[in-house]
Amino acid sequence: MVGLASLVGLVAACGADDVDPGPGPGGAGGGSTTGSGSDTGGSPTTSTGVGAGASSGGAGGTGDFPPGAYELVVLDQVADPWGMELSNGHAYYTTYLGGFYDLALDGVSDPVKVHQEGGVLYDLNAYGSQFHWTRHDNPFVDGGAVQRYDATSGSVTTIATEADLTPVGVVAGASGVYWSLGSVQGGPLSIHRHTVAEGVVTLLDESAGHVDADWRLALDADHLYWADYGEEDAVPGGGVYRTDVVTGAHERFHATAKAGALVIDDSHVYFTAGCALHRKAKAAAPSDPAELVAAKTPTGCLTEVAVHGDRVYWIERRTASFGVFSAAKDGQDALLLASTFAGFGAMHDLEVDGNWVLLGHGTDRTGRILGIDLQP
252 MVGLASLVGL VAACGADDVD PGPGPGGAGG GSTTGSGSDT GGSPTTSTGV GAGASSGGAG
312 GTGDFPPGAY ELVVLDQVAD PWGMELSNGH AYYTTYLGGF YDLALDGVSD PVKVHQEGGV
372 LYDLNAYGSQ FHWTRHDNPF VDGGAVQRYD ATSGSVTTIA TEADLTPVGV VAGASGVYWS
432 LGSVQGGPLS IHRHTVAEGV VTLLDESAGH VDADWRLALD ADHLYWADYG EEDAVPGGGV
492 YRTDVVTGAH ERFHATAKAG ALVIDDSHVY FTAGCALHRK AKAAAPSDPA ELVAAKTPTG
552 CLTEVAVHGD RVYWIERRTA SFGVFSAAKD GQDALLLAST FAGFGAMHDL EVDGNWVLLG
612 HGTDRTGRIL GIDLQP
């Protein structure tokens, strides 16, 4: 996310004081050391594997949450996991120390480090057999790259490099690979696209975003969506934006302050704003209101969101714990799945595939990959 302030400080503010955690990882910062060296996840001394996953609060509850319906287990211990994907029974994730990992969710396998970069790896997106991530070379200064890993060939290709700005969010689809650029100095967000057929990088939208824009990008056949946190405590500039991938037409689809995490399904856009979860039909007009899916609680703040099948999932941060919830997409039938104490820092991502819920939890060189097995 643009602004590139430390995610730890932003999210730690959410809880007892009921403060919105802000626009998130501050894009590429999130730490006080340079992202270089080797990651520790996947080694025999730190990796638990699925089969030996240790409980992390889970069904027993925490001080802020009652018992949940499922157990939350530690799948791996890594240096601050940022981006995650679930694909074909595997969990994939990137880390603060530049590692890209593959963990088969078969109950016996340990994580495998697939690739190592000399930088901080942030957002991760899977499209077919390809994985795209953004890399920040040094958390203190701008600069980085957008890279693609081909799971079939095992090769890594650098799509674009940036010296003056930092790649933050990334998403890929049939119309191309899209990413956002921000700065450790703050400033507006810009959206760029790489089309495979043309093999060139083009500026898709440079008016997108304001001082604090979210790094979460979402793509369908027609539009690229993203959330803009906007001015602090003010609606002007903030909201959900979208750009037509064919015509390039750009609009603020929904105006709101403190827009944060964002995902889409076939018919709706789901987003957090002001510590609550909302959704809006894609066919709606920009002036139409959004529906409230889950309201903020007196001591909580909703931070991450995912959708799968007929359910929506979210993470709620309270004073000293995180709770993972699921509900029908209109917010009915809400269920606390599990919870965990917040001692490892912020939650960076939430992924669901129907069999597993995957969470990344950490700060700087400490972190965990957490999982909830939804299978009976």
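Here the sequence shown stands for residues 252 to 627, where the numbers follow my numbering. Note that the Cβ used here is the ideal one computed from N, Cα and C, for glycine as well.
- Contact between the region 593-603 and the region 316-327 is absent: fewer than three C-beta pairs spanning the two stretches fall below 8 Å.
- Membership of P317 in any beta strand (DSSP E) is not indicated, and neither H nor E is assigned to it by DSSP.
- Taken atom to atom, the span from the alpha-carbon of Y492 to that of T523 is near 14 Å.
- Taking the Cα of L455 as reference, the smallest distance to any Cα among T345, N339, L432 is reached at L432.
- The beta carbon of L356 sits closer than 7 Å to the beta carbons of V301, G340, H341, A342, W607 from its chain, once the five residues preceding and following it are set aside; these are given in chain order.
- Nearest to F592 by C-alpha distance, out of R619, L354, R467, C526, is R619.
- Annotation: Y480 is outside any beta strand (DSSP E) and is labelled neither H nor E by DSSP.
- The beta-bridge partner set that DSSP reports for Y373 is empty.
- With a threshold of 16 other beta carbon atoms within 10 Å, T313 meets it and is buried.
- Here Q436 carries a coil assignment [DSSP, helix/strand/coil].
- In terms of Cα proximity to R616, the closest of W333, R444, L475, R386 is W333.
- A straight line joining the alpha-carbon of T403 with that of M335 spans about 19 Å.
- Residue pairing from DSSP leaves K533 without any beta-bridge partner.
- Within the region 518-562, complete alpha helix (DSSP H) segments of at least 4 residues are not found at all.
- One thing to note: L468 has its Cβ within 8 Å of the Cβ of G420.
- Excluding its 5 nearest sequence neighbours in each direction, D539 has no C-beta neighbour in its own chain below 6 Å.
- When C-beta atoms of the region 379-397 are compared with those of the region 410-424, three or more pairs fall below 8 Å, so the two segments count as touching.
- Contact annotation: L475 and I515 have beta-carbon atoms that are not nearer than 8 Å.
- Around the C-beta of D581, fewer than 16 other C-beta atoms lie within 10 Å, and the residue is accordingly described as exposed.
- Per the coordinates, the alpha-carbon of K533 lies some 6 Å from the alpha-carbon of S518.
- Annotation for A557: V514, Y564, L601, E602, V603 place their beta carbon closer than 7 Å to its own, counting only its chain and skipping 5 residues before and after.
- DSSP places D327 within a strand segment (E or B) once states are collapsed to three.
- With 16 or more other Cβ atoms from the protein chains shown falling within 10 Å of its own Cβ, A377 counts as buried.
- A direct Cα-to-Cα measurement between I410 and E502 gives close to 27 Å.
- Setting aside the 5 residues that flank it on each side, K531 is surrounded in the same chain by H505, V520, A541, each with a C-beta closer than 6 Å to its C-beta; the list follows chain order.
- By a beta-carbon distance limit of 8 Å, V428 contacts H383. Their separation comes to about 6 Å.
- Beta-bridge pairing by DSSP links E502 to R493.
- For G611, the enclosing beta strand (DSSP E) starts and ends at 607-614.
- For P627, the secondary structure class from DSSP, reduced to helix, strand or coil, is coil.
- The Cβ atoms of L372 and T345 lie closer than 8 Å to each other.
- Annotation for L470: V422, G424, Y429 place their beta carbon closer than 7 Å to its own, counting only its chain and skipping 5 residues before and after.
- Between L528 and A545, the CB-CB gap stays under 8 Å.
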